[in-house]
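Novice: Here it is, the structure in full.
Numbering (the numbering used here), first residue to last: 21 to 211.
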């Protein structure tokens, strides 16, 4: 059986994954329904897949147990999941419970993980990694959580900049807290 791979990312309506402004986390738009839904998603058995930059950002932020306790519950749940970090430069041991390094490149590593894993694979963030996996046809689901914000002046990290042209088949959608959209699509290379 082949494990499914989900690229999970947060976005503004105009496609930015981060900001330099004063929005705060989740662009200041999180609500109780969104947080409960995230917690339920991350309570499921799965393996996280990160690129080196996203891993380092998360590991630095979550190295202190008091910070993990202060975060929303799903963040601690994510840290407790087994993880594979795709990197040719990092060396172990990693500051993450149950994490391994895959040095054979994103495409080879995820191809291998999809064949070997007995649980679904999920990547939260890791834009460069997931852009290459989309181009290689290895992403089964793109899960975009669209917060009700446009960050035209302060937005950074355009999520899909430079990615291959893709057709998307919407397979699931929901509205959380009356204004945040979660869109889950099956991508295929266009043309």
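All C-beta atoms in this analysis are idealised placements derived from N, C-alpha and C, irrespective of residue type, glycine included.
Could you please give the first and the last residue of the uninterrupted alpha helix (DSSP H) stretch that includes residue 152?
Specialist: As a first step, residue 152 is located in the chain shown; it is residue number 132 there, counting from the start. 147-155 is the extent of the alpha helix (DSSP H) around residue 152.
Novice: Could you tell me the distance, in whole angstroms, from the CA atom of residue 1 to the CA atom of residue 152?
Specialist: There is no way to answer for residue 1, as the model of the chain reaches only from 21 to 211.
Novice: Pull up the CB-CB distance for residue 54 and residue 200, whole angstroms please, since I reckon it's below 8 Å.
Specialist: As a working note, residue 54 is residue 34 in the chain shown. As a working note, residue 200 is residue 180 in the chain shown. Yes, residue 54 and residue 200 are in contact; Cβ-Cβ is about 5 Å, under 8 Å.
Novice: Are residue 126 and residue 105 closer than 8 Å when you measure CB to CB?
Specialist: Here residue 126 refers to the residue found at position 106 when the chain shown is read from its first residue. Here residue 105 refers to the residue found at position 85 when the chain shown is read from its first residue. No, the Cβ-Cβ distance between residue 126 and residue 105 is not below 8 Å.
Novice: In this structure, does DSSP put residue 210 in helix, strand or coil?
Specialist: Position 190 of the chain shown, counting from 1, holds the residue named residue 210. Coil at residue 210, not helix or strand.
Novice: Would you list, in sequence order, the uninterrupted beta strand (DSSP E) runs of no fewer than 3 residues that lie entirely inside the segment 42-93?
Specialist: Entirely contained in the segment 42-93, the beta strand (DSSP E) runs reaching 3 residues are, in chain order, 67-71.
Novice: Relative to the alpha-carbon of residue 164, which residue among 22, 30, 23 has its alpha-carbon at the smallest distance?
Specialist: Position 144 of the chain shown, counted from the start, is the residue given in the question as residue 164. Here the closest residue by C-alpha is 30.
Novice: So which of 177, 51, 135 has the shortest CA-CA distance to residue 147?
Specialist: Working through the chain shown from its first residue, we reach residue 147 at position 127. Of 177, 51, 135, the residue nearest in Cα terms is 177.
Novice: Determine, using beta carbons only, whether residue 62 and residue 134 come nearer to each other than 8 Å.
Specialist: Stepping through the chain shown from its first residue, residue 62 is reached at position 42. Stepping through the chain shown from its first residue, residue 134 is reached at position 114. Against a cut-off of 8 Å, the Cβ pair of residue 134 and residue 62 comes out as no contact.
Novice: Please state whether DSSP places residue 195 in a helix, a strand or coil.
Specialist: Taking the first residue of the chain shown as 1, we reach residue 195 at position 175. Residue 195: strand per DSSP, three-state reduction.
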